[in-house]
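Take a look at the structure below.
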């Protein structure tokens, strides 16, 4: 298993099956991927307002990729384990941008004046960035590191890196994090993986549209599950299985996430669809990943411990 | 402080300011409230399908109340602490009903055939109902007890007990649970509190429309905050503050929950609205309470530990 | 057939089955109903901004009613023909109000500054109000008179007169106009009819939240269709049948309107549901009635001439 | 001005800026474009169900294009006048497909059984297809010919021909018809125009997902408006200006359509944004173009006669 470093000369701003791979990797390789922040490092200080630095730019959210995974073919599933995410600088920015963010009307739908722009600069407290401090707020928060964008190239289409969808993309889902394995459907040979938009921390929904935006190096390991088709992104760790649905309105994103979860339980855990539906109704969990991107993303999950038949009613004394 | 038992002769099916109180209580009283299940105990066995037992009934979700809280006036806020919820029988039911539930089209919007009805009977494993077992599924899950319906009478309107809204109502929010204090706006003198629809457990969203539906006795303590106006339900415990928004589409429920939370942080914790917005963007949490009622409900929260100014950037060695 | 004049001493602000009737009428009577405007005549000049005149008021949209229709019982359908609408003053107002209107974020969902308030005063050009002129705009438009609110009391609930729903209500649908017959389901004996909110003209959607708001006298004739159940409001004239759906999001309002129309075609015109669905797909029409009330309303229609079997393929020469 | 016939050897299924032009035309040329139907002529008889003929196909809705318009550059606007649409065969098909259409749940959001599939074959009554007859329904309807898909290549992205958006696309808007001029924003040099999906007739919304699908030859004339930027598709004829908004939920599509219309009135007719908003509120019209594609499309319009200042209040005798 080789170590492969992917540090791009330039970026892509589309999840595009036509882009030339920036790297080829084998299943099991230790792949270290450098990603720029969503502003392409244009926002560095409190004076760097989005209007000045971002509104004039044609494409945002630079992506590192595509990475070609040897052996992956259309109709397979990529299984990508995030081993680690290391922040690559001492600050992260967040911002309010005009006509952007959940507490502001969607662009082109309102005649209201915009919310006032503002840039926030979060500073590392400790060397590893386990904690972050914003001087103006004067508060300190722990890290919740993850990759906001995590995608394969779609089937045929070339889609903006601002969009989430069945191919993954800009889901802004905090469970795309170290310790978890993410499954994405392969529409193209090699899978053609893209990532970017690392967040040092983020609340559910990425409410104002910018998390703690940061550059990073992520350690990923790719595997290929042959001839396995999934419909939307899946996530797994020792305790839980999770699915991400992206759509508008948000109830459809929720339904898609649970639909995929119900089918996963049915396929891999020996329950009927009806049984899986009942299980999700009673022990499913579902939170908002993003409410600011081109589609909203929801993450539904269930703990694996509930996906085992008991073999008869337990005795009270068997329960801890 | 007196002990007051509220065990109704009959129920109400509307959150209605015109209903006569079934009890008067003083702030601080220990109030024990008996609530029937959402089917009014019509569903008892696997053979009791919703079509047979519920579809012919005019009103569902029987409410115990209204309870008149002495001293509460329109313009005040009720603060209601849930001390305990004790289940009142050995089984809970769940069900699939035609044209109901998140994985089925909303009534009157589809020509598709309905999903097949099914009734599930969950049995207590231990005396206290800490664990529940469903024989057909052959799985066991822990309790997550809460009151699905928790309301005050609205201003003027008389609204179905199936509806959530600014007045609380049928939010199906699992944080309406023992250990938490719930704040509801008073639109009428006495507050006129209603509750019902106890759930022994429920997943986020109450996906199929029925949780573990059960009869219960809940121990509540009421207090009145004079001249305090809130706009939507708030919830608090030692660790967190939470708000519930109910609306369609779901993104509006999410926005309402966060809007109320941002204003709460602003009012009580000394942050500007902009600062509160940034805090929620980075450390807010938001999950689906219900995606099956007349409006969807979302619960947004933030941990109290993030709502304190540090008094300057912390030193790494000060962080645990 | 008697002439009955209904000019109220006061108004109701709820569609409420518990309100005492303001009049009893027989089927076929000529009923002349006076209605105030939605502001209860509080806005009279350009200086009367909504913030000053309306924001402090508890209830808006005053209703004349309920009118008890003799012979109507729960389970029947009211058929109400609008013979005429006569405007009762020389001006109509429209306005922009803070956090209201389709081009402004929904209240409680946005932190943006509000749109600036503005009051517009439209003046009658001719005695009958066939044309209207606004001096600031300096444009002239024809009348499109209709009753914005047209309701029966719901089953049990007492609902704000700002709300549309299956019971009719604040649909703001321009086809509730002279020459048309409107069908509403009876949930209560007497039907308990309410109306108000006359508009001298309105665009599709009532975009800014206020049409040409005016006082009026409307000439209605009530009839009762015994033992006929409908699910949502229906409208009919010589050329068309129409249905109104009210819901959020707007696609559900559209589906409800077409669902009711498909069932109407099936029940009364001898087509199967599938056939009715295909007919609506090819010759249905559907416009926005309101995008500003508590639910959005859509009006779907089909021309009656398409609801007749040809008895075989026509010859080209038979077509005009 | 030359006559140019565009009859493709093959089709594109993406609105893609990277595709090689199939034709180059000059402004003013008479361009005759052959388009296949949305099924690529796979459905010919009642036995050709979508499941059998379409569900296995990777790409649907074949497009003729891109057509390169000489002189058009990014930042310009294409003005395309539809002179005529001539149907190219004697039948048109419509169909119900599983998990498709407005009266069926959106794919991946429901566990309900699908609606039963059905294919309808509409036959020309007269040589020109002014009237159409379906034998099973035994009804006859007039033509309402238009091009369901009408697009330019987006900026950077390559998007499925099933999608509508700011670039036009699969709007299924009946006002993309003979006699009207459609304006589309140029994101690429040459504009790169695509069209297809001709409908012989369609109801508002294309309710079941298939209109009267037909092959056709359309006579278009292209012009270029230099340095003119629009945000969403605009349509014009002698009487009206119209705008199409595409989004989910449908209220956002409606807002986008009216937002564009308000700005058009402001830019070209000398009214302030506030005035334009008031005008749309009182005389705007807005109907459902599609409720079945990847985004819903709404068409908002206003008659030009209302966009002229009167120069003072008219006298009653001046009005006809």
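Residue numbers (my numbering), protein chains in the order written: chain A, -16 to 303; chain B, -16 to 303; chain C, -16 to 303; chain D, -16 to 303. Every residue gets a Cβ at the ideal spot worked out from N, C-alpha and C, and that includes glycine. The structure displayed is predicted, hence computed values, not measured ones.
DSSP on residue i, reduced to helix/strand/coil?
i                      : result
residue -10 of chain C : coil
residue 72 of chain D  : coil
residue 237 of chain C : helix
residue 181 of chain A : strand
residue 129 of chain A : strand
residue 65 of chain C  : strand
residue 46 of chain A  : strand
residue 256 of chain D : helix
residue 250 of chain C : helix
residue 274 of chain B : coil
residue 205 of chain A : strand
residue 167 of chain C : strand
residue 110 of chain B : coil
residue 55 of chain B  : coil
residue 116 of chain B : strand
residue 89 of chain D  : coil
residue 232 of chain B : coil
Once you ignore the five residues that flank residue i on each side, which residues in its own chain have a CB closer than 8 Å to its CB?
i                      : result
residue 159 of chain D : 65, 129, 130, 131, 133, 165, 218
residue 188 of chain A : 85, 271, 272, 273, 274, 275
residue 34 of chain C  : 80, 81, 100
Please list, in chain order, the chain C residues whose beta carbon lies closer than 7 Å to that of residue i.
i                      : result
residue 93 of chain A  : 86, 87, 88
residue 279 of chain D : 234
residue 101 of chain D : 257
Name the chain C residues whose beta carbon is nearer than 8 Å to that of residue i?
i                      : result
residue 237 of chain D : 85, 188, 233, 271, 274
residue 302 of chain D : 108, 109, 113, 114, 123
Name the chain B residues whose beta carbon is nearer than 9 Å to that of residue i?
i                     : result
residue 98 of chain D : 93, 94, 95, 96
So residue i packs on residue j, CB below 8 Å; how close in whole Å?
i                      : j                      : result
residue 53 of chain B  : residue 8 of chain B   : 7 Å
residue 227 of chain A : residue 272 of chain A : 6 Å
residue -7 of chain B  : residue 178 of chain B : Incorrect: roughly 15 Å between the Cβ atoms, too far for contact.
residue 194 of chain D : residue 115 of chain D : Between residue 115 of chain D and residue 194 of chain D the Cβ distance is about 11 Å, and since that is not below 8 Å, they are no contact.
residue 245 of chain B : residue 292 of chain A : Rounded, the Cβ-Cβ distance is 45 Å, inconsistent with contact.
So which residues on chain D does residue i lean against when the C-beta distance must stay under 8 Å?
i                      : result
residue 267 of chain C : 186, 187, 188, 190
residue 140 of chain A : -3, 140, 141, 142, 143
residue 297 of chain C : 108, 114, 116, 123
Would residue i and residue j qualify as a contact pair, given that the criterion is a beta-carbon distance under 8 Å?
i                      : j                      : result
residue 241 of chain B : residue 199 of chain B : no
residue 223 of chain C : residue 287 of chain C : yes
residue 79 of chain B  : residue 100 of chain B : yes
residue 124 of chain B : residue 28 of chain B  : no
residue 214 of chain B : residue 149 of chain B : yes
Cutting at 6 Å between CB atoms, please list the residues of its own chain near residue i, excluding the five before and the five after it.
i                      : result
residue 51 of chain C  : 4, 7, 173
residue -10 of chain D : 17
residue 161 of chain D : 65, 67, 68
residue 206 of chain D : 10, 62
Which residues of chain A have a Cβ atom closer than 8 Å to the Cβ of residue i, listed in chain order?
i                      : result
residue 194 of chain B : 264, 265
In chain order, what residues of the same chain have a beta carbon less than 7 Å from the beta carbon of residue i, not counting five sequence neighbours either side?
i                      : result
residue 294 of chain D : none
residue 153 of chain C : 44, 131, 132, 144, 145, 146, 147, 180, 276
residue 247 of chain D : 217, 224, 226
Going along chain D in order, which residues have a C-beta closer than 9 Å to the C-beta of residue i?
i                      : result
residue 260 of chain A : 94
Going along chain D, which residues have a C-beta under 7 Å from residue i?
i                      : result
residue 214 of chain A : 91
Residues of chain A with CB closer than 9 Å to the CB of residue i, please, in chain order.
i                      : result
residue 294 of chain B : 121
Please list the partners that residue i has in chain A, where partner means a Cβ-to-Cβ separation under 7 Å.
i                      : result
residue 242 of chain D : 91, 92
Could you tell me which chain B residues have their CB closer than 7 Å to the CB of residue i, listed as they occur along the chain?
i                      : result
residue 289 of chain A : 122, 124
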